[in-house]
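Encoded as structure tokens, the structure appears first; notes follow it.
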Amino acid sequence: MRVDNHTSFLKSGKPICCLKLRAAEGQTTQITGRVTFWLSHIQDDQYFVTYTIEPMLELLWIEEVAHEDTGYKVLFPITTPPMARPPQVRNYTPLDTVPEQAVFVLELGTFNLDVELLNITFPTMVLTVAECNARGFNVQEQRSLDNTLKSFRMEVPFSDPVVFKERRAEQGVTTFTLQLIYGLVVFPEYAPFAHSAVVDAVLLDIVPPSVTGNCDQENFHITVDYRNQDPFFVVLVGKRLLNHELAQQYLTEGDADFTITLPFSSPDAVFESVHSSSVRSRLDVALLNPYNNMTIKYFSLACSFLKTLTECFSNGTMTALAVKVESAPSLNPGQLTLSNPACGPTYSDDRFAYFHFTVNSCGTTGKFINNVMLYENEISLPDELEVKLNGTTSSEEYQLKVSCYYVVNITRTLVFLTRPRDNEPFAETGTGRLMVRMRLAQDASYNTFHKEEDYPVVR
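For what it's worth, numbering that gives the first Met the number 0 labels the leading residue of the sequence shown as 0, then goes sequentially.
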């Protein structure tokens with residue numbers, strides 16, 4: 000048997016090899032198994048690829064006289080001619096952002112798996128892949144789904160010195176240009192080659208939005224001014240995005256700005272601290288790029304709001320409101336108690352606990368201070384629960400003292416009004432029998448009286 004010739008051609012992007020085999024008389028031929036692979040080649044600093052297939056030929060001789068079979072197997076590698084595959088740089092840079100947050104997103108490919116990226120040359124420096132990543136360029140190797148091809152992805156911030164910036168004031172735009180040369184190598188021959196690229200991006204000169212705020216007695220007021228530009232951001236209020244539902248509650252729009260009005264007790268605000276007659280609350284607002292969630296602007300406003308947390312009533316009852324603060328994120332207000340652990344809150348949710356009790360209950364203590372009676376109690380976690388939480392979390396101990404002052408001796412002025420009666424009251428004269436019973440007390444307390452058998456009483 001001999002191979003007269005073989006041909007190769009491309010079909011549907013894949014190389015196809017055809018063999019013409021001729022077998023001598025008394026011989027049989029069978030092609031079994033195959034090994035295929037791609038290889039990279041460099042010719043004149045250009046990138047080429049070849050495709051190789053290694054079919055296994057199995058030959059069998061039959062001796063007619065001896066009736067013996069003789070066979071052997073041989074690998075017959077076939078390689079296509081080199082095919083040019085020029086690398087391409089694909090630019091995925093988003094242009095709907097501000098320069099401070101923008102990045103070039105580039106992808107170089109595609110290559111066989113025997114190609115590696117060694118370094119990247121910029122106009123002012125040469126950086127290895129490790130140095131690029133340390134600089135924040137985020138160079139990554141990406142492979143195809145069938146794991147036969149690879150490409151190299153990189154992100155270069157517009158703000159990096161390797162990016163050339165040119166502002167065109169008359170056009171109201173800024174041009175950002177990145178020049179780079181990829182240094183690559185083919186293994187195992189260690190054949191080097193390079194690919195150069197120039198990419199640019201043009202951004203409108205957008206003035207970043209400004210955020211200001213103030214407080215009144217009950218609310219936060221946050222104003223976002225986007226300077227007559229189309230808003231290209233989403234708003235994060237506390238930990239929630241300002242969606243349509245929240246906007247209906249909080250948002251007031253102007254021509255080139257909008258104002259968020261939020262109560263200090265809203266779940267989107269956090270309580271920093273609690274005092275006897277005030278609460279310090281904070282509202283965090285962030286403007287985010289909707290495409291990469293990067294922060295465009297961050298603003299935080301904290302104010303103290305007058306709030307009665309403890310009320311004292313003349314009938315000897317007290318009410319107290321405990322507030323969950325930022326420093327105790329794992330606190331469950333429903334688990335708080337007064338000094339007596341049996342006295343829990345009358346009402347509680349995930350942020351507040353409300354207590355109602357009398358001054359002579361729930362472990363309330365009292366003491367005289369001059370002409371004032373001071374009643375005190377403390378809101379905290381039960382000891383066993385405090386130990387458990389401190390053993391599993393880093394939350395601080397929660398304690399809130401509540402107190403009431405009562406003046407011991409005080410004169411109150413009562414005011415009442417009278418009005419003339421239509422008829423003066425009078426008693427009518429009547430006759431009848433009046434039953435009268437008299438008893439004699441043994442002492443001035445009038446608690447013990449003489450019995451009938453004690454009479455007559457002699458003194």
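Every residue gets a Cβ at the ideal spot worked out from N, C-alpha and C, and that includes glycine.
In this text the structure is predicted, and so the values were computed from the model without any measurement.
- With 16 or more neighbouring CB atoms inside 10 Å of its own CB, residue 151 falls in the buried class.
- In the structure shown, residue 44 falls within a coil segment according to DSSP collapsed to helix, strand and coil.
- Each residue's CA atom was taken as its position, placing residue 125 and residue 42 some 24 Å apart.
- In the pairwise beta carbon analysis, the region 315-329 is classified as not touching the region 416-434: fewer than three pairs are separated by under 8 Å.
- DSSP links residue 398 through a beta bridge to 379.
- Burial of residue 86 is indicated by the presence of at least 16 other C-beta atoms within 10 angstroms of its C-beta.
- Non-local beta-carbon contacts of residue 406 in its own chain, meaning distances under 7 Å to residues more than five positions away in sequence, involve 370 and 371 in chain order.
- With fewer than 16 other beta carbons inside 10 angstroms of its own, residue 187 counts as exposed.
- In the DSSP assignment, the residues bridged to residue 220 are 213 and 260.
- The DSSP-derived three-state label of residue 132 is helix.
- Sequence-distant partners of residue 400 (beyond 5 residues in either direction) whose C-beta falls short of 7 Å from its own C-beta, in its chain, are 375 and 377.
- By alpha-carbon distance to residue 269, the top candidate from 281, 75, 261 and 102 is 281.
- Secondary structure note for residue 154: its beta strand (DSSP E) is the uninterrupted segment 149-156.
- The shortest C-alpha to C-alpha distance from residue 117 to any of 434, 441, 349 and 128 is the one to 128.
- Residue range 243-249 is occupied by the alpha helix (DSSP H) that includes residue 245.
- With respect to residue 316, residue 357 sits close: the two C-beta atoms are nearer than 8 Å.
- Nearest in C-alpha terms to residue 325, of all of 301, 252, 51 and 67, is 301.
- As the crow flies, the alpha-carbon of residue 81 is around 5 Å from that of residue 49.
- Under DSSP, residue 172 takes part in a beta bridge, and its partners are 167 and 203.
- For the pair residue 368 and residue 272, the Cα-to-Cα distance works out to about 29 Å.
- Straight-line measurement puts the Cα of residue 71 at about 34 Å from the Cα of residue 111.
- A straight line joining the alpha-carbon of residue 288 with that of residue 242 spans about 15 Å.
- Under DSSP, residue 372 shares a beta bridge with 367 and 405.
- Here DSSP, grouped into helix, strand and coil, assigns residue 423 to coil.
- Taking the C-beta atoms as reference points, residue 106 is found no nearer than 8 Å to residue 76.
- Taking a cut-off of 8 Å on C-beta distances, the region 297-314 touches the region 208-224, as three or more cross pairs fall below it.
- Taking C-beta atoms as the reference points, residue 449 and residue 456 count as a pair closer than 8 Å.
- Distance from the CA atom of residue 234 to the CA atom of residue 147, rounded to whole angstroms, is 43 Å.
- If you check the CB distance, residue 380 and residue 397 come in under 8 Å.
- For residue 283, the enclosing beta strand (DSSP E) starts and ends at 277-287.
- At the C-beta level, residue 121 and residue 161 come within 8 Å of one another.
- DSSP, reduced to helix, strand and coil, places residue 315 outside both helices and strands of the structure shown, so it counts as coil.
- Secondary structure at residue 333: helix, using DSSP grouped into helix, strand and coil.
- Between the alpha carbons of residue 383 and residue 339 lies a distance of about 13 Å.
- In the three-state DSSP reduction, residue 188 falls in the coil class, being neither helix nor strand.
- The shortest C-alpha to C-alpha distance from residue 149 to any of 443, 108, 216 and 88 is the one to 108.
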